[in-house]
Structure formats: C-alpha cells, structure tokens
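Numbering (the numbering used here), first residue to last: -6 to 567. Here's the structure we're looking at; comments come further down.
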C-alpha cells in the first residue's frame, strides 16, 4: 500500500493547503501517534546501534590482529627470501627520479629500521648507499637551518652533518657515486662538508650541482679532484651576495671555463643552467656527449649559434635547449665573445632521438632549422615563435621525420600550421599541448576549439583522421588562458576514441588542465572507460565568489615538501 493511501492528507504535504478546524484536529491526532511510534523505533534502534558499534570495533581489532599475524609469517619477516633477491628488492626501493635523501622515512635508511636481518643486509649492500642528495641551506625557511655564524652551535651542527655524510660514503664502499649538492648561502664553516664531498671525487659517476660560481671555482682549485669516472655532470649556477657583486658574474663565469670539471674525459650527459659566459668555449669533449641540456645561459642566443655548438656532437641521443633572450643586465659588462665557426652547412646528428627547443623570442631565420639533419628523431618538443607573416619551421620538421611523441606550444603557432603538423604525424602516439602567458602569436593563434578534438577522432571530407594512432593526449594551458574545449566534446572525443573502430587507436591516457570551471559532470560518464584501463586526469578551476571574504575561497591543501626541502637530520638516524 502506498504512503498516500496510509496517511490522510499525504497529497497535501509541502503544499500551501490551509486546514480547516476539523482537519487540524485530525492532523494533530495523526501527528501525536507518529511521534510516539518514532520514539518507540528509536528505543529499538539504540541497542542495535550499540551492538553494531561493538561488532565494528571487534572486526577492526581482528583485522589489525590478522594484519600483524600475516606480517609475522610473511616471507621477508621469516627471512625466507634469499639475501641476493632481498638485495635486489632493496635496490628497487631507491627513488628513480632523484638521488636518495637522508631521512628515516626514506630508503635506504628506512630499510635499516625494520628488523636486524634487514639492517644487516642493507648495511652490507654498498650499491644501496651509492646515491645521496645533499641539500645544504642556511635559510631559516628550510628545516633544520644551520645556526648563524655567531652561534656556538655552528661547529657542532657542521660536525654532525659531516659525520652523517662520512658514514653514508663509508657504507658505499668503492661503488661509483651519484650525488646531488644544493649549496646556497652557506657560512665558511660548511667548507668542511664540501671538502669531504670533494675527497670522494674519484668515485663520482654522476654529479649534480646547484651552487654558486665561487663554490665551483674553489672546488676546481682542489688538488684532490679526480674526475676519471665522471659521466654525468649537471650544473645550475646560483647568484649569491650583493647586487654589486653580481656585476662581476660574467667575468667570474668566464674564469670557470678552465675548470677541470668541464674537461673530465668521460662525460656523456651534460647539463648547464644560468651560465653567463660562452658555452661553446668550454673544454667539454663535445664529441663524446650523448645527452645535453642547456637553459637560461648567455649563449647560444640564436639558431645559428646552436647549430655551431651541435656540429661536433654527433653521438647525441637527446638534446634540450631553452634560449633566453632576456639576460640580466650587468653594468660595465666585459666578457669574452664567442665567435661562431658556423659555415652554413648541414649539421648531422645521426643518433638524435629527442630534440627539445624553447625560446621566448621569434626567430628571424626559420629556414636555419632545415640545416639540422636528425634521421633518428622520434620525440620533438617545440616552443619557438615566428615573426608575423612567416611559417613555423615545425611543419618541415614534422614532414621530414617520423615523429611519435610531439609536445608543442599552441601559443606560438598559427592554426593552419598546427593542423598541417598533425597531418604529417601519422605515426604519432603521444601529443602534449601547452601554452604560455608570456608570449603568444597574435595573428591566427590557436584557440583550442572543439574542432581539434573532432579532427583527432572523426574523418574529414577526404576520409582522413589526424594522428589515428594517438594514445596519449595531454593539454596544459596557463593559469590565465582558458581551454576552449567543452566538457561535452571531451566526452564525445573519448567515446569516439574508445569505440574500437578499425584504424583508430584507443586512448591510454588523457590529461587536461582546463583553466575554467566544470560545466557538465563527467565522472559517471567516464567511469566505464576508466574501468577498462583508460587513465584520465581532468583539472578544473574553482568557481570563486568574489563578494565573500577570501577565507571562504580557501581550497588549498598543505604543500608537500619537495625533494629540495629535505635536509639533514642528526647522525643518530643511523
């Protein structure tokens, strides 16, 4: 029986009906009876609810006990895993995106805190201790800060950190080392730590510096420096001191050109950032490099200078460059000028697979890219504006090579050039679109309309679908540039790609940062595709009510400390 049949006046509930006197008497009688019935039900529910809570607590206790007992009889706890296999497992617990940090909650230190047998295996595995990340900060914004130079704690603090590093290096035995040193604004007493690191230079396989040119110069003058096994060198130069001292940076950087760091005989991977002297004059063995990354340097500034730099690097497999056209102004600057020996001929890089180039200013000679011959090119990242009225060299690059992964800035391309590039990339499996607020092409700028998604999933008048093998699509615009893809078309795009039509590959990953609020709920519609293995990440802006105080708009979460915020703990962590 329906509630409408059981309860008089049910059809009048939540209406504007005004009962008569006799109707009100009937309604009050029904109301009193229902209040009594509800109270009776509440009395029956209370003990059942209490029993339910007891049962929940019992289940939670049993689950905790089961988990603990399972841990007791697990193969690692009972030492049933052979040590050689356990060592391999430990090595795979190390971070793969950075060197190991000195922290009790991170490998390898964490592995020594599980049980005595694990500790014994970890301490007898030198490779486990062959990487180390050393952030040394004097700023109080980093924990724990080094005490000020006038503090009596300074010497103790430096000695404690020195002992930690020495213990770590001892555990690595004779293994080649991979070290990251972030060294900013340190007092003179910290030179002891730096000297300890230099004393192990004969084992440096990979060395990543983020430090001042003074520290590099001091290290270069050490008679302990032995770089015979160094293969990976990454240097990010940091400015320290007063602005007046900054005027001397170009001259100081020029002095680094004779540093033995750059003349190490076996360097294969080279990265340099914020170097205010000609990069091409460094004594690097260019012909031996397989990977090179340059960013925010004073040179090269043009495509011609880049080609001159690349000419001897015939073994390069990966090359990345960010050309800065807005260098810091240094009064009274007098530095050595780099004379390009570029003769206008073709630069041949037979093994280059990955080429990344970004610039903030337009090139006046787009044809210079045609002199770059890269027959093995598969991965291309391109963000290089062109002058109005000219076509991007990206079109010829995509025509000349079989590109499988393409990352391009949509704010540096005209729409016709962009579509032409996609037509050339018939083997493309990964497409990343990004944009920058700092520079855009005014004429014909890509607006990222729904037509692009349709072109990637529907045949045109000639029956052609752009990039039919596309499996990974990522789109990230700036915080202040709106993505014009609608939620409806994104959903339709996914449905078309996942339909399994012949000749059209299914998506494996879709990631979009919209820069706007969501207009259509998509979670339920996309759930079936996620269950089938599609990885989806859609990020929207939060709608802000500017009439309310800012406290109402707070949607942030506590920031997770980056690896650069990790710092030393006292030596008793071992």
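The beta carbon of each residue, even a glycine, is placed where N, CA and C say it ideally should be.
If you draw a 10 Å sphere on the C-beta of residue 5, you find fewer than 16 other C-beta atoms in it, and that means exposed.
The beta carbon of residue 172 lies closer than 6 Å to those of 125 and 200 in the same chain, with the five residues before and after it left out. Contact between residue 275 and residue 255 holds: their C-beta atoms lie close to 5 Å from each other, under 8 Å.
Annotated as proximal: residue 228 and residue 209, with beta-carbon spacing under 9 Å. Excluding its 5 nearest sequence neighbours in each direction, residue 459 has C-beta neighbours in its own chain below 7 Å: 415, 416, 448 and 449, listed in chain order. Of the residues assessed, residue 41 falls on the exposed side of the cut-off, its CB having fewer than 16 other CB atoms within 10 angstroms.
Spatial neighbours of residue 480 in its own chain (CB-CB distance under 8 Å, excluding positions within 5 residues in sequence) are listed in chain order as 511, 512, 513 and 515. In this structure, DSSP gives residue 15 a helical state, which the three-state scheme calls helix.
In this structure, residue 388 keeps its C-beta atom at 9 Å or more from the C-beta atom of residue 360. Contact between residue 51 and residue 119 is ruled out by a C-beta separation of about 48 Å, above the 8 Å threshold.
Straight through space, the alpha carbons of residue 100 and residue 81 are spaced by roughly 13 Å.
For residue 392, the enclosing alpha helix (DSSP H) begins and ends at 387 to 393. Taking the Cα of residue 174 as reference, the smallest distance to any Cα among 186, 63, 519 and 484 is reached at 186.
The C-beta of residue 224 has 16 or more other C-beta atoms within 10 Å across all chains shown, which makes the residue buried. According to the DSSP secondary-structure assignment, residue 251 is paired through a beta bridge with no residue. Distances from the CA of residue 151 to each of 163, 530 and 188 were compared; the closest alpha carbon is that of 188. Around the beta-carbon of residue 291, 16 or more other beta-carbon atoms lie within 10 Å, marking it buried. Between residue 457 and the set 495, 469 and 477, the nearest pair of CA atoms involves 495.
In the three-state DSSP reduction, residue 348 falls in the strand class (E or B).
Under DSSP, residue 487 shares a beta bridge with no residue. Contact annotation: residue 377 and residue 347 have beta-carbon atoms that are not nearer than 9 Å.
For the pair residue 231 and residue 203, the CB atoms are nearer than the 9 Å cut-off. The stretch 256 to 313 is shown to contain whole alpha helix (DSSP H) runs of 4 or more residues at 296 to 303, in chain order.
Closest in C-alpha terms to residue 250, from the list 259, 278 and 261, comes 278. In the structure shown, residue 222 adopts coil according to DSSP, grouped into three states.
Under the 10 Å beta carbon count, residue 44 is surrounded by fewer than 16 other beta carbons and is classified as exposed. Per the Cβ contact rule, the stretch 54 to 64 is not in contact with the stretch 88 to 108 (fewer than 3 Cβ pairs under 8 Å). No Cβ-Cβ contact shorter than 9 Å links residue 345 with residue 313.
Of 373, 27 and 505, the smallest CA-CA separation from residue 392 is found for 373.
Beta-bridge partners of residue 128 (DSSP): 175. In the DSSP assignment, residue 199 falls within the unbroken beta strand (DSSP E) covering 197 to 205. Per DSSP, residue 116 is one residue of the alpha helix (DSSP H) stretching across 109 to 116.
Taking the Cα positions, residue 218 is about 34 Å away from residue 350. Where residue 83 is concerned, the enclosing alpha helix (DSSP H) starts and stops at 76 to 84. Assigned with DSSP and collapsed to three states, residue 150 falls in helix. Boundaries of the alpha helix (DSSP H) harbouring residue 184: 184 to 191, taken from the DSSP string.
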